[in-house]
Amino acid sequence: MIETISCGPTPETALFTMPEFHVWDPSVIRVGNRYHLFASRWPSDKTDDRNFEGWKKSHVIRASADSLFGPYVSEEVVIRPRPDQWDCIGNHNPKVLRVDGRFLLYYLGSTNKGPWATGFAWAERIEGPWTRGTDWSIPTNNPALWIHDDGSAYCVGKKRSPLVPDVKPWTNWMEALRADRVDGSYKVVGDPMTNRLPGDYELEDPTLWWDGQCYHVIVTDWKAKATGIERAGVHYRSSDGVTYELVSPRPVFDHTLPMEDGRVIALARHERPQVVLDDRHCPIALCTSYRERHGESGIAVLPVQWGPVSPTAE
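The numbering used here numbers the first residue of the sequence shown as 813 and each following residue consecutively.
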């Protein structure tokens, strides 16, 4: 039986915004009885564009709540750009994990000397302090990680197709990598001249989990090849981490945000999915970044159900 996520209506408390800031790139972890939301933020303004390109100079913040579905309260700035380091201009797209009793935060950093890269920060407590590496760590763009019980790491990310590397907009293939440990040396899985996704489909913004038998990824549908909707959410799975199959062409999420009170918010952008799992590695929520059509942005924590793919979805 093939199963997938279906998103339910979102409660008002599950929307997290910050006046004067754009917030993006959610990642949630439960510690004790409290939920901690990590995200990137950058200053907004009151122009029509709301200074959205400021993400290139973003930094990482933490908010917390007593419930997975909020309301979340802003707590602190966790990471800021560091002078003369690999992350000196912007810190973006944070994702938080628990590894061997410590907390791992991995994020994209940028410098004026090269492209975005991914590095690690570690902490004994979720409130920090965080110790950052002096170099980047994962050799793929926009990665999503899974740490197995034996300590080995599996990772998916995006890369430009080596067959047409200079085409614009970029041809975003998915690649997979493994390492003996999370801070070890990552090696590409499978033929690097082929796309891990089927049907020449493309991606951005992967989130990843392992259910004990299969890897699952939810990504945004770059160029609308899988769902027919540009940057809708789409679900793939793989038993070996090399060959992925499309679970269903029906979007996991689209460019609307249905609310519990019956409203449907029309969105200009709806991206950056990040799955939240229960103790059995079953999805219970999907965090997303959204931007309303008039320019405001925020984080949504979408309730989800995990169940069989609808026959009408094929």
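Heads up, the beta-carbon is just placed ideally off N, CA and C, and yes, glycines get one too. Small disclaimer: the values here were computed from a predicted structure and weren't measured.
About 7 Å separates the CB atoms of W942 and I891; that is less than 8 Å, so the two are in contact. Less than 8 Å divides the Cβ of C1026 from the Cβ of S1051. The criterion of a C-beta distance shorter than 8 Å is not satisfied by N954 and M986. Nearest neighbour of L1015 by Cα position, chosen from V1029, D1033, V1001, turns out to be D1033. Per DSSP, reduced to three states, the secondary structure at D1012 is helical.
If you draw a straight line from the Cα of V843 to the Cα of D878, it is about 10 Å long. Setting aside the 5 residues that flank it on each side, P951 is surrounded in the same chain by L989, Y998, each with a C-beta closer than 8 Å to its C-beta; the list follows chain order. Across the set G882, R846, N845, N905, the C-alpha of N905 shows the shortest separation from the C-alpha of K869. Taking 8 Å as the upper bound for CB-CB distance, D899 and G866 are not in contact here, some 16 Å apart.
Look at A826 here: in three-state DSSP terms it is helix. Beta-bridge analysis with DSSP links V1000 to L989. Judged by their CB atoms, V1001 and I1030 are not nearer to each other than the 8 Å cut-off. DSSP places Q897 in no beta strand (DSSP E); its state is neither H nor E. For Y847, the enclosing beta strand (DSSP E) covers residues 846-855. In the displayed model, F864 falls within a helix according to three-state DSSP. A direct Cα-to-Cα measurement between D1023 and K858 gives close to 44 Å. When secondary structure is reduced to three states using DSSP, K970 falls in the strand class. Remark: fewer than three beta-carbon pairs, one from each stretch, lie closer than 8 Å, so the stretch 908-922 and the stretch 881-889 are not flagged as touching.
CA-to-CA, the gap between R1105 and V1076 works out to about 13 Å. Considering only I817, V840, P893, the residue with the shortest C-alpha distance to I901 is P893.
Counting other Cβ atoms within 10 Å of its Cβ, H1093 stays below 16 and is therefore classed as exposed.
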